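What follows is a short report on a single structure.
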Amino acid sequence: MHIAFDLSFTHTEGRWARAGSWIGRDFPDARMYMELAQTAERAGVDMLFFGDGTGIPDTWRGSIAPAVEWGIQWPRHDMSPVIAAVSTVTSAIGFGLTYSSTFMHPFYVARLLNSLDHVTNGRIAFNVVASTRSADAANYGYDELPEHDLRYERMEEFVGVCQALWDSVTPDAIIRDRASGRFADPAKIAPINHRGRFFSVRGPLPAVPSPQVRPVLVQAGNSARGIAASARFADVVFGFGANLRGQQRHRERLDEALTAEGRKPESVGILWATQVIVGRTTEEAKARRAHVLEFWDTEAVGAFLSHNMGYDLSRLPAAFRLGDLRDEIHAAQASQAGLIGALVAEYGDDHRMSREEFFEHGWKSATGIDHSIVGDAGTIADALEENFAATGSRGGYMFSTPLSMPSGFGEIAELLVPELRRRGVLAPRYPGRTLRENLAG
Ligand SMILES: Cc1cc2nc3c(=O)[nH]c(=O)nc-3n(C[C@H](O)[C@H](O)[C@H](O)COP(=O)(O)O)c2cc1C
């Protein structure tokens with residue numbers, strides 16, 4: 065079992081204001097991430113992961129004001145300089161960095177990741193995302209997000225260009241012979257001459273090959289097309305299963321797609337997105353959960369949910385039938401997965417719900433409380449072991465927490481990770497020289 069910490073949201077959705085959070089530091093102070101990374105490395109966590117989104121939520125009331133006022137999914141910085149800084153105070157833990165293949169250019173990203181792989185000494189992973197949010201697209205010249213499957217075609221070409229660029233200078237091309245003054249062997253450095261549907265890149269990469277040569281590739285899409293893309297190039301998949309059946313289906317579909325690509329299903333693990341609230345006792349964990357639920361505001365919840373659904377929930381009447389809301393969201397081409405799907409499944413189409421009640425459920429969803437594992441280390445470790453066995457025993461977990469920073473993650477590192485290690489279920493602690501080698505162990 066491999067474990068990573070998902071640091072995509074270390075300050076948003078009220079985390080910044082919780083008691084004991086960001087003490088003596090304000091986001092985006094890199095020192096908070098340095099302290100957290102050192103704690104995580106002592107525990108043997110494989111990777112710190114940084115998701116990304118570049119637009120400020122604006123679906124709720126058609127305005128960024130509520131998201132800005134309440135710190136909902138904003139602010140979000142480019143974390144590459146933070147990773148560079150954190151790598152100087154750690155030596156083994158890996159870093160996952162996210163860029164969108166829909167908006168970025170592969171030459172820029174391949175070059176940046178090569179540099180980061182040097183700075184981190186072979187500890188970088190690239191999480192490539194197709195992007196789903198219109199607020200992100202608006203910052204890169206799109207009136208509308210390009211069509212779903214087209215984004216994946218672009219992703220596959222994007223990754224192919226990156227791989228070709230990383231391979232365009234072979235590691236033994238660099239001679240550095242001071243006596244003769246020859247720096248490199250031109251026979252081992254070649255242009256890639258890529259001309260595709262989306263990109264034209266001549267290459268080669270103007271860089272010294274990095275320790276991993278190719279950074280580890282992570283991908284998260286879980287539609288059929290998204291899984292096909294994972295099967296083509298991903299080293300690790302970031303998975304979100306609403307329940308065990310959903311996880312098992314993802315695993316089955318990925319295995320089929322990997323086989324179709326001629327790859328071994330056992331070679332690609334899924335790290336499951338999993339929020340945990342751990343305490344020294346189950347009572348303490350439950351009290352922490354209750355504390356998270358105390359802070360909420362309809363504007364904050366509305367901004368979060370509307371952004372993620374792509375549907376403006378400020379139009380909700382005082383009371384409504386759940387089935388009607390689901391149909392209206394469907395008609396608006398917005399996402400019916402997530403909260404509304406879960407509520408319909410739980411209460412049925414005909415259930416009448418008040419606006420207030422809906423937003424109470426919404427806050428549980430926004431904070432992840434409705435799908436968290438809550439308890440002492442032993443209880444959580446039991447649940448993880450059982451889930452790991454039921455989902456193919458490959459990959460592991462990407463932990464997140466709604467609690468204070470960095471203590472929320474600190475307690476996962478200090479209570480839960482040692483319990484998992486004591487049980488002998490974790491992969492060996494940093495057996496290799498690079499992140500790729502460590503994740504293979
Ligand atoms: C666990 C998980 C994490 C994701 N993280 C990000 C992210 O950090 N940034 C982003 O823009 N999209 C992220 N996505 C969105 C995916 O990259 C993808 O665009 C989305 O799931 C839609 O593709 P699909 O229809 O294939 O699922 C994530 C998706 C999942 C399931």
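The letter at position 35 of the sequence shown is residue 99 when you use this note's numbering, and the numbering goes up by one with no holes.
For every residue, glycine included, the Cβ atom is placed at its ideal position computed from N, Cα and C.
Predicted, not measured: the structure shown is a model, and the values here were computed from it.
Between which two residues does the alpha helix (DSSP H) holding residue i run?
i, result
"F222", "212-230"
"G439", "Segment 436-440 is the beta strand (DSSP E) holding G439; no alpha helix (DSSP H) there."
"I404", "403-411"
"N257", "Per DSSP, N257 belongs to no alpha helix (DSSP H) and is neither H nor E."
"H182", "170-183"
"V277", "Premise fails: V277 is in no alpha helix (DSSP H) and is neither H nor E."
"A288", "288-297"
"A83", "No alpha helix (DSSP H) holds A83; DSSP gives it neither H nor E."
"A504", "499-504"
"P482", "481-486"
What's the C-alpha gap between residue i and residue j?
i, j, result
"L380", "H169", "40 Å"
"D434", "F359", "15 Å"
"T166", "G224", "14 Å"
"A284", "R242", "46 Å"
"A94", "S155", "17 Å"
"Q137", "K252", "45 Å"
"V277", "Y494", "19 Å"
"D200", "G119", "4 Å"
"S403", "G426", "For the sequence presented, residue 403 should be read as Leu rather than Ser. Their backbone Cα atoms lie some 7 Å apart in a straight line."
"A395", "G405", "15 Å"
"Y216", "R246", "42 Å"
"V408", "L389", "10 Å"
"A288", "G333", "17 Å"
"V173", "A189", "12 Å"
"F171", "A228", "10 Å"
"F263", "E347", "55 Å"
"G78", "D299", "33 Å"
"E501", "S127", "46 Å"
"I256", "L214", "23 Å"
"T383", "N203", "It is worth fixing the name first, because residue 383 is Ala in this sequence and not Thr. The straight-line gap from Cα to Cα measures roughly 36 Å."
"R497", "Y206", "41 Å"
"H258", "C226", "11 Å"
"P121", "E133", "11 Å"
"L503", "E392", "44 Å"
"E483", "I157", "19 Å"
"K428", "G267", "48 Å"
"V489", "M417", "44 Å"
Leaving out five residues before and five after residue i in sequence, what residues of the same chain have Cβ atoms less than 6 Å from its Cβ?
i, result
"S244", "none"
"S468", "R82, G84, S85"
"G387", "D413"
"Y97", "V146, V150"
"P235", "P273"
"S370", "T123, W124, D376, L377"
"D70", "F113, M462, S464"
"H415", "L386"
"G160", "M111, F113, A189, N191, V282"
"G460", "M65, H66, I67, L335"
Can you give me the start and stop residues for the beta strand (DSSP E) that residue i sits inside?
i, result
"M462", "459-464"
"A104", "Unbroken run through A104 is the alpha helix (DSSP H), 94-107; no beta strand (DSSP E)."
"L467", "Premise fails: L467 is in no beta strand (DSSP E) and is neither H nor E."
"G305", "That residue, G305, is in no beta strand (DSSP E); it is neither H nor E in DSSP."
"R240", "238-241"
"F113", "111-114"
"E415", "According to the sequence as given, residue 415 is His; it is not Glu. Where H415 is concerned, there is no enclosing beta strand (DSSP E), given that its DSSP letter is neither H nor E."
"R246", "246-248"
"I67", "66-70"
Counting only the same chain and skipping the five closest in sequence on each side, list residues whose C-beta sits under 7 Å from that of residue i.
i, result
"T162", "F114, G115, D116, N191, V193"
"F422", "L380"
"K350", "V438"
"A293", "Y216, M219, E220, Q283, G285"
"L480", "V340, V342, A441, I444, A445"
"G305", "Q311, H314, W336"
"T152", "none"
"D249", "A237, I239"
"E325", "A295, R296"
"N185", "P275"
Spatial neighbours of residue i within its chain, please: CB distance less than 8 Å, with the 5 preceding and 5 following residues excluded, ordered by chain position.
i, result
"A271", "R175, N178, S179, V233"
"F91", "T74, H75, W80, P139"
"T103", "P470, F473, G474, A477, E478"
"E330", "R458"
"L318", "I291, S294, A295, V301, P329, V332, I334"
Is any beta-carbon of chain C found at less than 8 Å from that of residue i?
i, result
"S274", "Of the protein chains in the structure, only one exists, and it is not chain C."
Taking only runs of the beta strand (DSSP E) that begin and end inside the segment 356-393, which ones reach a length of at least 3 residues, in chain order?
383-385
Entirely enclosed alpha helix (DSSP H) segments - the segment 126-158, minimum 4 residues:
129-134, 144-151
Enumerate, from N- to C-terminal direction, the unbroken alpha helix (DSSP H) stretches of 4 or more residues contained entirely within the segment 185-213.
198-201
Hey, which unbroken runs of the beta strand (DSSP E) at 3 residues or more fall wholly within the segment 316-357?
333-343
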